[in-house]
């Protein structure tokens, strides 16, 4: 039983005092920022990334950063249920039925079911990760440059398909990201491209500066424009435990949500977000009483909550096995590994087994922490929401500035956030989603490198991408995906699926 | 020809212009051949693709059918205040140190809120200063100049 011995190794790594402590810190921080709207896991992880330089063990760093990510999914649902305000984009659907349950005086069971669903999904996803990562890494070893290029193309196309809004705009955003990734010294020729003789630019633009500007700062400006409209649902949360028939109704939904989330999480792009939406749609469709949805149906809480947590967890699979980040958060995980001189990819599992399995097991432990901690602490999280935004946003701004400075101990990176904040703001006004751009930015240099290698090996013959079976398959999937979203019937459905998600 | 969808139109223009700009800028780098790509090869292709997509976004904005979509009002005051706050923070940090730049950042950025209140702003500056000192300086041992340069000499 190799799986069991691997998990045992993971347990012994994750259960050391330091790792448990940082796991706990991670999930508490994650819940905190999940509860607070206006600051997401991306900005928080970016902020804390420099702090992990100090940690001697990269495993500890990754455990904490991962905790922030899935902790945020938990926190997001708490505010969705109690305040009708999604803390994270993946908990938007939870507001539909969760808030209704709260209004009917059933906030307790709604919170409990959300937590139980998340924990169950987290457990299953952890096992899936442990079971599927090794064979996938095995496949990855067979990959040549052509396959890697094809895989990244597929990844980017999938991100485009899953992004909200116009497909063609998302495509343009991806390419814009790839182009921004070109800025800096070209590894093959040593030429500093698009750097305009600015020495700091010859190292390329710092990812953290781009992420903070486009997500953190642009978001703050947009929030301020809209003014504050927040209504805190103040009734006390009593009677946490769900009734027996709540369980009976919720359990199948949890199962389906877990399956849905696990599958969609592996795909690039906002896996967790799409998973929760799809799960809600399915639950409503197969329910015998669809009219109850939107009026406090417990399945409408259980399914999406399971789905978004499973999705958050399985999105680690491509990052850990192929070394390719599929979401901006995963790109930061890759950056954290690079800081500690670990090249992400299929070899991580054999060269750093402790890191690999320790991280996986820590996710399960973290989920346990979240259930145990969150239900009793719900009151405290809700109190946090009474902190007015006018006090909150200068603090967020400050923490981002500290984070950006600490990347290289240089104010240049702080200045760099400014043009990206403007860009992020303009893109929002023009209905262009920034997430695909960020993914393109991360993959830009890698893609160019693999394209070059593949073309050098084939002596300039472009057909190499379709004559190699693996690469041809990957590209074919990408092409099919693109064709499908442009079909009129599908594009209409897609609009419906994302409607109301703003 | 009337622009129906202003958001699409301007997004298209943005992509078209940026794409062409990248293509022009790439001309100063060697193109190379497909087998031996120079530094200009990939950016040129990408720039071209982006310009085409920009056209594809821009042109349908003239379609006769469909509702009129306008770009929302841009609040210049908010943008300027927030970003000036960040710029001032970055500009003052190396010479004047963290304490000064923190207070400036909080003060300037707080002005962007509809409900600015000097007392709350000052209180939160102090709280954040203590918090940052404990967490970032003592706890995480991040390196940044804390006091103004002329005081530390």
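Protein chains in written order, with the numbering used here: chain L, 401 to 902; chain H, 1362 to 1514.
Every residue gets a Cβ at the ideal spot worked out from N, C-alpha and C, and that includes glycine.
Helix, strand or coil, according to DSSP, for residue 902 of chain L in the structure here? For the purposes of this step, residue 902 of chain L is identified with residue 502 of the first chain, where counting begins at 1. Residue confidence is low: residue 902 of chain L scores 36 on pLDDT, short of 50, so the model does not pin down where it sits. Its coordinate-derived value is still stated next. Coil at residue 902 of chain L, not helix or strand.
Does any residue of chain L bring its CB to less than 8 Å from the CB of residue 1404 of chain H? Here the question's residue 1404 of chain H lines up with position 43 in the second chain. At least one chain L Cβ lies under 8 Å of residue 1404 of chain H.
Using DSSP bridges, identify the partner residues of residue 585 of chain L. Here the question's residue 585 of chain L lines up with position 185 in the first chain. Partner(s): L:592.
Taking all protein chains shown into account, decide if residue 685 of chain L is buried (16 or more other Cβ within 10 angstroms of its Cβ) or exposed. The sequence position of residue 685 of chain L within the first chain is 285, counting from 1. Exposed: under 16 other Cβ atoms inside 10 Å.
Could you compute how far the alpha carbon of residue 504 of chain L sits from the alpha carbon of residue 515 of chain L? Translated into the one-based positions of the first chain, residue 504 of chain L becomes position 104. Translated into the one-based positions of the first chain, residue 515 of chain L becomes position 115. Computed Cα separation, rounded: 19 Å.
In DSSP terms, what residue 435 of chain L is bridged to: Numbered from 1 along the first chain, position 35 holds the residue referred to as residue 435 of chain L. DSSP output for residue 435 of chain L lists no bridge partner at all.
Please state whether DSSP places residue 1498 of chain H in a helix, a strand or coil. In the second chain, counting from the first residue as 1, residue 1498 of chain H sits at position 137. Helix.
Going by the beta-carbon positions, is the gap between residue 416 of chain L and residue 429 of chain L smaller than 8 Å? Taking the first chain and counting its residues from 1, the one referred to as residue 416 of chain L is at position 16. Taking the first chain and counting its residues from 1, the one referred to as residue 429 of chain L is at position 29. In this structure, residue 429 of chain L does not lie closer than 8 Å to residue 416 of chain L by Cβ.
Can you confirm whether residue 1502 of chain H, when its beta carbon is compared against all beta carbons of chain L, has any partner nearer than 8 Å? As a first step, residue 1502 of chain H is located in the second chain; it is residue number 141 there, counting from the start. True, the Cβ-Cβ gap to chain L drops below 8 Å.
Can you check the segment 806-876 of chain L for any alpha helix (DSSP H) of at least 4 residues that lies completely inside it and give the ranges in chain order? 812-829, 834-857, 864-867
Looking only at C-alpha atoms, which of L:809, L:541, L:852 sits nearest to residue 1402 of chain H? One-based indexing of the second chain puts residue 1402 of chain H at position 41. For residue 1402 of chain H, the nearest C-alpha among the options comes from L:852.
Spatial distance of residue 1496 of chain H from residue 425 of chain L (CA atoms): Position 135 of the second chain holds residue 1496 of chain H. Position 25 of the first chain holds residue 425 of chain L. C-alpha separation (whole angstroms): 13 Å.
Residue 1430 of chain H, DSSP secondary structure in three states: The residue you call residue 1430 of chain H lines up with position 69 of the second chain. Looking at residue 1430 of chain H - three-state DSSP - the assignment turns out to be strand.
Proximity winner among L:652, L:727, L:551, L:734, relative to residue 701 of chain L (alpha-carbon distances): Counting from one through the first chain, the residue named residue 701 of chain L turns up at place 301. For the residues L:652, L:727, L:551, L:734, the minimum Cα distance to residue 701 of chain L belongs to L:652.
Inter-residue spacing [alpha-carbon to alpha-carbon] between residue 586 of chain L and residue 724 of chain L: Position 186 of the first chain, counted from the start, is the residue given in the question as residue 586 of chain L. Position 324 of the first chain, counted from the start, is the residue given in the question as residue 724 of chain L. Cα to Cα, residue 586 of chain L sits roughly 20 Å from residue 724 of chain L.
Measuring only the C-alpha atoms, how far is residue 689 of chain L from residue 643 of chain L? The sequence position of residue 689 of chain L within the first chain is 289, counting from 1. The sequence position of residue 643 of chain L within the first chain is 243, counting from 1. About 19 Å.
Decide if residue 902 of chain L is buried, meaning its Cβ has at least 16 other Cβ atoms within 10 Å, or exposed. Taking the first chain and counting its residues from 1, the one referred to as residue 902 of chain L is at position 502. Reliability fails at residue 902 of chain L, whose pLDDT of 36 lies under 50, so the model's placement of it is uncertain and no value is given.
What does a CB cutoff of less than 8 Å around residue 1374 of chain H pick up in its chain, not counting 5 residues either side in sequence? By 1-based counting over the second chain, the position of residue 1374 of chain H is 13. The residues are 1415, 1419.
Measure the C-alpha to C-alpha separation of residue 838 of chain L and residue 574 of chain L and round it to an integer number of angstroms. Position 438 of the first chain holds residue 838 of chain L. Position 174 of the first chain holds residue 574 of chain L. If I take the Cα positions, the gap works out to 8 Å.
Contact residues within the segment 861-877 of chain L, judged by C-beta distance below 9 Å to chain H: 861, 862
Reduced DSSP category for residue 634 of chain L - H, G, I as helix; E, B as strand; rest coil: Against the first chain, residue 634 of chain L aligns to sequence position 234. Because residue 634 of chain L carries a pLDDT of 49, less than 50, the predicted location of this residue cannot be relied on, and the following value inherits that uncertainty. The answer is coil: DSSP assigns residue 634 of chain L none of H, G, I, E or B.
Taking the C-alpha atoms as reference points, what is the distance between residue 440 of chain L and residue 1512 of chain H? Here residue 440 of chain L refers to the residue found at position 40 when the first chain is read from its first residue. Here residue 1512 of chain H refers to the residue found at position 151 when the second chain is read from its first residue. Each residue's alpha carbon lies about 37 Å from the other.
Can you pull the DSSP bridge partners for residue 1366 of chain H? For the purposes of this step, residue 1366 of chain H is identified with residue 5 of the second chain, where counting begins at 1. Residue 1366 of chain H pairs with H:1430.
Bounding residues of the alpha helix (DSSP H) (the contiguous stretch that carries residue 612 of chain L): In the first chain, residue 612 of chain L corresponds to position 212, counting from 1. Note, residue 612 of chain L: premise wrong, no alpha helix (DSSP H); not H, not E.
Quick one: is residue 1429 of chain H near chain L, going by C-beta distance under 8 Å? Translated into the one-based positions of the second chain, residue 1429 of chain H becomes position 68. Output row for residue 1429 of chain H: interface = no.
Give me the residue from L:459, L:431, L:434, L:565 with the minimum Cα distance to residue 831 of chain L. Residue 831 of chain L sits at position 431 when you count from the first residue of the first chain. If we check each option's Cα against that of residue 831 of chain L, L:565 comes out closest.
Does the beta-carbon of residue 777 of chain L have 16 or more other beta-carbons within 10 angstroms, so that it is buried, or is it exposed? Translated into the one-based positions of the first chain, residue 777 of chain L becomes position 377. Exposed is the call here.
Are there 16 or more other CB atoms within 10 angstroms of the CB of residue 751 of chain L, so buried, or fewer, so exposed? Residue numbering aside, residue 751 of chain L sits at position 351 when the first chain is read from its first letter. Burial call: exposed.
Taking residue 866 of chain L as the reference, give the member of L:550, L:406, L:594, L:658 with the closest Cα. Locating residue 866 of chain L in the first chain gives position 466, counting from the first residue. If we check each option's Cα against that of residue 866 of chain L, L:550 comes out closest.
What residues from chain L crowd round residue 1419 of chain H, counting only those whose CB sits closer than 8 Å? The residue given as residue 1419 of chain H occupies position 58 in the second chain. Within chain L, no residue comes near residue 1419 of chain H; the closest Cβ sits about 10 Å away, beyond 8 Å.
Chain H beta carbons: is any one of them nearer than 8 Å to that of residue 569 of chain L? Along the first chain, read from residue 1 onward, the residue named residue 569 of chain L stands at position 169. Cβ-Cβ to chain H under 8 Å: yes for residue 569 of chain L.
Just to confirm my understanding: we take residue 874 of chain L, look at its own chain, exclude 5 residues before and 5 after, and list those with CB closer than 6 Å. What are they? Here residue 874 of chain L corresponds to residue number 474 of the first chain, with the count starting at 1. 550, 551, 554.
Excluding the 5 residues preceding and the 5 following residue 423 of chain L in the sequence, name in chain order all residues of the same chain whose CB lies nearer than 8 Å to its CB. Within the first chain, the letter at position 23 stands for residue 423 of chain L. Contacts found: 414, 463, 464, 467, 762, 765, 766, 769.
Residue 711 of chain L: first and last residue of the uninterrupted alpha helix (DSSP H) it sits in: Position 311 of the first chain, counting from 1, holds the residue named residue 711 of chain L. Start and end: 699-714.
For chain H, find out if any of its Cβ atoms is closer than 8 Å to the Cβ of residue 886 of chain L; answer yes or no. Your numbering for residue 886 of chain L matches position 486 in the first chain. Chain H contact via Cβ: absent.
Contacting positions in the segment 570-584 of chain L - beta carbon closer than 7 Å to chain H: 571, 572, 575, 576, 578, 579, 582
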